Every structure is written in structure tokens, then in C-alpha cells.
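Participant:
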Amino acid sequence: MNASEIAGTKRTSLWRNLRLATFREDLGPLGVVEDGAVAVREGRIVFAGAEGELPSDFSKADDVVDCDRRWMTPALIDCHTHIVHGGNRAREFQLRLEGATYEEIAKAGGGIASTVLATNALSVDELVDLALPRLDALLCEGVSTLEVKSGYGLNIDAELKMLRAARQLEKRRPVRIVTSYLAAHAAPLEYKGRNGAYIDEVVLPGLDRAHSEGLVDAVDGFCEGIAFTPAEIARVFSRATALGLPVKLHAEQLSNLGGAKLAASYGALSADHLEYLDAEGAAAMAEAGTVAVLLPGAFYTLRERQLPPIDALRAAGARIAVGTDCNPGTSPLTSLLLTMNMSATLFQLTVEECLAGTTREAARALGILDETGTIEAGKSADLAIWNIDEPAELIYRIGFNPLHERIFKGERTLR
């Protein structure tokens with residue numbers, strides 16, 4: 004079909020008089036198009052470019068929106084969250100401020116164990132109801148897509164319950180949810196010192212069930228001294244690969260166990276955190292196309308000192324994304340705009356890295372770049388329009404939301 008035929012067969016919406024940051028790499032930094040226009044049909048972009056190049060039939064669209072020279076970007080993507088969980092750990096936060104150590108809190112029944120207990124006590128509907136305010140906070144900042152992990156169940160039924168709740172979010176809000184199975188997050192108390200048995204009896208059979216029920220899009224794990232060894236994670240990844248599922252990994256957050264190299268060896272979508280990543284690991288990730296997902300919220304909350312090796316990642320040519328890591332213990336963060344500011348201020352990412360890291364590279368980290376993450380013909384019309392003078396304002400401002408309109412699959416959902 005040519006443009007005229009497309010425009011004439013289905014209802015078309017047109018946003019014009021725009022400044023576009025398309026994030027198409029062939030158009031240079033940010034993929035800027037001045038005096039731009041975007042045409043949408045049946046939820047998909049059918050034209051994105053200079054308004055002067057707009058086919059004449061598109062100018063007669065059913066709905067035409069004059070955007071008054073506002074900036075349009077792809078809708079934002081949060082590629083690492085744990086928003087489905089029970090309870091909160093505000094009291095533990097207070098105890099840490101008063102001098103208690105993480106170990107002391109854990110011995111008193113706090114830490115991840117408290118979140119597991121709270122999560123396991125709730126139904127799917129209750130977990131959804133608790134997650135919705137967190138989700139809404141992200142949507143109000145122009146987010147259209149987010150990843151949601153399990154990992155606070157630590158038994159088969161509870162892990163599946165979390166994934167079911169994540170799937171339900173798509174039915175309650177106009178949003179795209181990508182799920183990650185994270186039973187290899189921590190071994191519960193009843194398996195203390197028996198990681199192998201936990202993997203055999205919970206992680207692997209739970210993964211088989213999650214896959215058979217269509218609940219899982221990717222498989223995650225936590226490779227760290229307080230969690231699982233590379234050899235243990237490899238067992239989980241081997242099963243995921245056999246099932247045809249992509250993998251990702253929490254790696255090198257607290258020490259360097261070679262988790263990033265392991266993830267790269269499996270062609271992982273991403274390796275996340277990475278404060279203790281070395282140049283060899285960065286090179287392995289770049290070669291494998293594994294995205295480095297940086298999580299400044301956890302770095303900030305834990306008052307860490309070891310910065311991710313940004314220069315090594317750049318030198319290797321690794322792709323960089325950023326996410327909120329929204330979770331009750333180490334990153335109770337539900338603002339992707341603030342996350343970008345933290346990424347620039349704490350990690351010294353550039354404006355382009357921050358914005359690409361929450362659009363194009365975040366989509367790449369979720370394996371959905373063919374569907375969303377840039378503004379170009381053929382992709383889902385997931386878009387955000389902003390009341391800003393230049394894109395850097397999205398990162399520069401703190402505690403300010405300049406969203407003018409959020410568009411999801413061509414529908415104007417927030418304005």
C-alpha cells in the first residue's frame with residue numbers, strides 16, 4: 004500500500020507542528036526532526052518526519068492535533084521494576100537512619116523476608132490494587148511500558164501469583180507489561196544453605212509452570228554472594244534457554260562474581276546494577292548485545308560509593324539503559340523522570356544517554372525494540388508530548404512533571 008491508500012482505508016490521527024525527538028539512530032543525537040508531524044492509524048505510526056514531507060492525504064486525517072511546537076518523544080519505558088509486592092519497609096528505613104545495620108534488621112525478621120511474608124499473604128487482586136498507585140505514578144510521567152518481576156514469593160504458587168498480578172495490570176490500565184520470572188532472587192529461610200535444592204524444587208519447576216501458563220516473558224536472577232553463584236544461575240538460564248525464553252541478570256551490584264560475563268554468554272537481554280563490573284565484563288556485554296541497565300535509585304537509597312564503570316561501558320560500545328528498580332527495600336522509587344536526573348547527577352550520563360536509556364535502549368533491554376522505543380513508521384504509537392523548551396529539561400528539573408499528553412497505541416490516554 005502507498006501512503007494514499009493507507010490514509011484512505013482506516014481512521015487516521017495526525018499530530019502536527021511538533022519538534023520530534025525520534026531516537027532514530029540514523030538521524031543523529033536524539034533523532035531530532037524540526038517542524039515534525041506524526042500520523043497514526045489503527046494504533047501504529049504510519050508517518051513520522053518533517054511536516055513538509057507529509058503525504059497530502061494524511062493532512063486530511065480524521066483527527067488533527069496542533070501541538071504548538073511542543074516536543075514529542077517516544078513514551079517512556081521503565082525496564083526494571085518490582086512494583087508487584089505486598090507491604091512496605093518504611094519502618095526499616097527509619098531503623099537504618101537510626102543506626103541499625105541491614106544484618107540486624109534481617110535477623111529481626113525484616114529485609115526481603117518481611118516482603119515475602121507480606122506478599123504471600125495477599126491475593127492476586129490485592130496485589131494488583133497495591134501496585135496500581137505505583138503504576139499510576141509512572142504513567143503520569145509518560146511511561147507506556149514497564150517490566151514487572153516476580154521474586155517476592157519464593158515458592159511456586161506465590162511466584163506465579165505475582166506474575167498473574169502483573170498480567171492483570173494491563174487489563175486495569177492502558178499500559179504494556181513485560182514480565183520477568185525472578186524466583187532466583189533469594190533462597191527462603193527453609194532453604195537456607197541449600198540453594199541447589201531450592202533451584203531443583205522451586206525455581207525450575209516454577210519456571211516450567213510459568214512458561215506453560217504464558218505468564219513469563221523473560222527469566223531473571225540475582226548473582227551475588229548473598230544470593231546465587233554463577234553456576235547456580237547457569238542452571239536456571241539453561242532451563243530458560245531450553246524453553247526459548249530470553250534471560251537477564253542482577254549482576255555485580257555488591258561484588259564482581261562474573262555475573263555480567265555469564266549473562267553475556269547466554270546472550271542476555273540485559274545485565275542490571277553493575278556497580279562492580281570490570282572492563283572485561285563490559286566488553287563481553289557489548290559483544291553479546293547485552294544492555295547495561297543502571298539503577299541509580301538503589302545506589303542512592305543504599306548510599307553506595309562504588310559507581311558503575313560508565314567509561315568502560317562507553318569504551319566497549321555497550322548499550323546503556325536506566326530504570327527505577329521500584330521495590331520496597333532498596334529503591335522505593337516511582338519516578339522515571341527523577342531516575343534520569345539521578346543517572347545524570349550521580350552517574351554522569353549525558354542527556355542523550357538518559358533519554359535513550361528510557362526509550363530506545365530500554366526497549367532493547369526488554370527485547371521489544373521492533374515494537375516500541377523510537378518514533379518511526381511501523382511501530383506502536385506510544386508517544387509523549389512535553390511542555391518543555393528542550394529535551395534536557397526532562398532531566399534537569401527535579402520534582403516537576405512537564406507531561407502534556409501521553410499516547411498509548413494511538414489513544415490519547417492522559418492530557
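Take the sequence shown: its position 327, counting from 1, is numbered 330 in our numbering, and each next residue is one higher.
By construction, the Cβ of each residue, glycine as well, lies at the ideal position given by its N, Cα and C atoms.
Treat the numbers as computed from the prediction; the structure is a model and nothing was measured.
Rounded C-beta distance between S147 and L79? I'm assuming under 8 Å.
Facilitator: Confirmed, about 7 Å.
Participant: When you compare only the Cα positions, how much space is there between R44 and K382?
Facilitator: Going from the Cα of R44 to the Cα of K382 covers about 11 Å.
Participant: With a cut-off of 8 Å, do at least 3 Cβ pairs link the segment 67-77 to the segment 12-29?
Facilitator: Verdict: yes, contact present.
Participant: N5: buried (16+ other C-beta within 10 angstroms of its C-beta) or exposed?
Facilitator: Legend: pLDDT at N5 = 43, less than 50; position of this residue unreliable, no value from coordinates given.
Participant: What are the complete alpha helix (DSSP H) segments, minimum 4 residues, inside the segment 185-263?
Facilitator: Runs found: 198-201, 207-215 and 233-245.
Participant: Does I86 come out as helix, strand or coil in the three-state DSSP assignment?
Facilitator: In the structure shown, I86 sits in coil (DSSP, three-state: anything other than H, G, I, E or B).
Participant: According to the neighbour-count rule (16 or more other Cβ atoms, all chains shown, within 10 Å of its Cβ), is F403 buried or exposed?
Facilitator: Counting Cβ neighbours within 10 Å, F403 comes out exposed, since fewer than 16 surround it.
Participant: Quick check on C143: does DSSP put it in helix, strand or coil?
Facilitator: Coil at C143, not helix or strand.
Participant: I want to know whether the segment 81-95 touches the segment 327-342 - three or more CB-CB distances under 8 Å.
Facilitator: With the cut-off at 8 Å, the segment 81-95 and the segment 327-342 touch.
Participant: Is the segment 47-61 close to the segment 341-353, with three or more CB pairs under 8 Å?
Facilitator: With the cut-off at 8 Å, the segment 47-61 and the segment 341-353 do not touch.
Participant: Can you give me the C-alpha to C-alpha distance between T416 and E408, rounded to a whole angstrom?
Facilitator: T416 and E408: Cα-Cα distance of roughly 8 Å.
Participant: Which of the three DSSP states is assigned to D66 in this structure?
Facilitator: Note: D66 maps to strand in three-state DSSP.
Participant: Which value, in whole angstroms, describes the spacing of the CA atoms of V127 and E283?
Facilitator: Spanning the two alpha carbons is a distance of roughly 42 Å.
Participant: Are L133 and R167 touching if we call contact CB-CB under 8 Å?
Facilitator: No, the pair does not count as a contact, with Cβ atoms beyond the cut-off.
Participant: Considering only DSSP beta bridges, list what M75 is partnered with.
Facilitator: DSSP, once it has assigned bridges, lists L23 and I388 as partnering M75.
Participant: Would you list the residues sitting across from C329 in a DSSP beta bridge?
Facilitator: In the DSSP output, where bridge partners are listed per residue, C329 has T84.
Participant: Using CA coordinates, which residue listed in L142, T342, A274 and G196 is at the minimum distance from L172?
Facilitator: Among L142, T342, A274 and G196, the Cα nearest to that of L172 is on L142.
Participant: What residue range does the alpha helix (DSSP H) around F96 cover?
Facilitator: Its alpha helix (DSSP H) spans residues A93 to L100.
Participant: Give the straight-line distance between the Cα atoms of R137 and V296, rounded to the nearest whole angstrom.
Facilitator: Each residue's alpha carbon lies about 20 Å from the other.
Participant: Using 8 Å as the Cβ pair cut-off and three pairs as the minimum, do the segment 291-309 and the segment 29-40 touch?
Facilitator: No, the segment 291-309 is not in contact with the segment 29-40.
Participant: Can you tell me whether E101 is buried or exposed, with buried defined as 16 or more other CB within 10 angstroms of its CB?
Facilitator: Exposed, since its Cβ has fewer than 16 Cβ neighbours within 10 Å.
Participant: So, helix, strand or coil for I398, using DSSP?
Facilitator: It is helical.
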